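Visitor: In full-length UniProt numbering, the protein residues as written are 1 to 169.
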Amino acid sequence: MELLPEIAERVSVRSFTDRVPPEDVVRRILEAGRLAPSAKNRQAWRFVVIRKEDVRRKIEEAAFHQEYVGQAPVIIAGCTTNVEYRMPNGQLSYPIDISIAMTQMMLQAVHEGLGTCFVSSYDEERVKYVLSVPYSMRVVLLLLLGYPAEEPLRPERYPLERIVGFDHW
């Protein structure tokens with residue numbers, strides 16, 4: 001079975017070099033997120049690119065002192081501008097929309113030769129304060145970007161037979 005190499009090769013990277021990704025690479029990664037689908041094409045997202053070391057260290061503190069967070073030379077905070085919109089089934093759309101956009105960014109980053117890691121464990125209010133995110137918005141997800149310092153271990157994945165049912169559970 002042939003998959004896109006970015007999907008087959010992607011792993012979470014938690015150890016980065018000091019090398020900073022070039023501006024044009026970061027812009028292509030952001031463009032991948034901009035082109036993502038969203039519920040009713042609302043595009044209710046904003047992304048904050050964090051490069052300054054002092055700000056990254058504050059985000060690391062807000063992420064419960066997970067050292068690798070501040071070590072990444074670039075952090076992208078995925079925020080929503082609409083915390084109220086619900087789909088017809090009553091489910092909030094922003095967690096799904098932001099996750100899709102940031103997954104597209106992640107795959108573009110892998111294509112560009114970068115390592116990535118999603119971070120969802122952080123004190124949101126502290127992150128909002130550090131980044132001056134308006135109170136009415138949510139910080140949904142952080143994406144770490146950088147060049148891997150080492151080859152991360154590839155965790156074992158379940159076989160399809162364990163996770164897929166056809167026509168029934």
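We put the CB at the ideal spot given by N, CA and C, even for glycine.
Just so we're clear, the structure is a prediction, and the values are computed from it rather than from any experiment.
Pull up the CB-CB distance for T103 and V110, whole angstroms please, since I reckon it's below 8 Å.
Guide: No, T103 and V110 are not in contact; Cβ-Cβ is about 11 Å, not under 8 Å.
Visitor: Counting only the same chain and skipping the five closest in sequence on each side, list residues whose C-beta sits under 6 Å from that of Y147.
Guide: If we look at Y147 and ignore the five residues flanking it on each side, its Cβ neighbours are T17, R19.
Visitor: Please indicate yes or no: does the CB of M1 lie closer than 7 Å to some heavy atom of the ligand PLP?
Guide: Summarising the ligand content, the structure contains no ligands, and the ligand PLP is consequently not present.
Visitor: Taking the alpha-carbon positions, what's the E31 to Q108 distance?
Guide: Between E31 and Q108, the C-alpha separation is close to 9 Å.
Visitor: Under the assumption that I76 contacts V119 (Cβ atoms under 8 Å), give the Cβ distance between them as a whole number of angstroms.
Guide: Wrong, their Cβ atoms sit about 10 Å apart, outside the cutoff.
Visitor: What are the boundary residues of the beta strand (DSSP E) that G70 is part of?
Guide: Where G70 is concerned, there is no enclosing beta strand (DSSP E), although the alpha helix (DSSP H) it sits in stretches over 67 to 71.
Visitor: Between which two residues does the alpha helix (DSSP H) holding A101 run?
Guide: First-last of the alpha helix (DSSP H) with A101: 94 to 111.
Visitor: I need the straight-line Cα distance from S136 to Y129, nearest angstrom please.
Guide: So the two alpha carbons sit approximately 12 Å from each other.
Visitor: Is the stretch 56 to 69 touching the stretch 22 to 41, taking contact as three or more C-beta pairs under 8 Å?
Guide: No, because fewer than three Cβ pairs between the stretch 56 to 69 and the stretch 22 to 41 fall closer than 8 Å, the two stretches do not touch.
Visitor: Where does L131 fall in DSSP's three states?
Guide: Note: L131 maps to helix in three-state DSSP.
Visitor: Among F166, L160, A62, R28, which has the Cα closest to the Cα of M1?
Guide: Answer by Cα proximity: L160.
Visitor: Which residue or residues does DSSP assign as beta-bridge partners of P148?
Guide: Looking at the DSSP assignment, P148 forms a beta bridge with F16.
Visitor: Of all the alpha helix (DSSP H) runs that stay within the bounds of the UniProt domain "Nitroreductase" (7 to 65), which reach a length of 4 or more residues?
Guide: Complete alpha helix (DSSP H) runs here, min 4: 23 to 34, 53 to 62.
Visitor: Can you tell me which residues form a DSSP beta bridge with I75?
Guide: BP columns for I75 point to I50, L144.
Visitor: Compute the Euclidean distance between the alpha carbons of D123 and L141, then round it to the nearest angstrom.
Guide: Looking at the two C-alpha atoms, the distance is approximately 11 Å.
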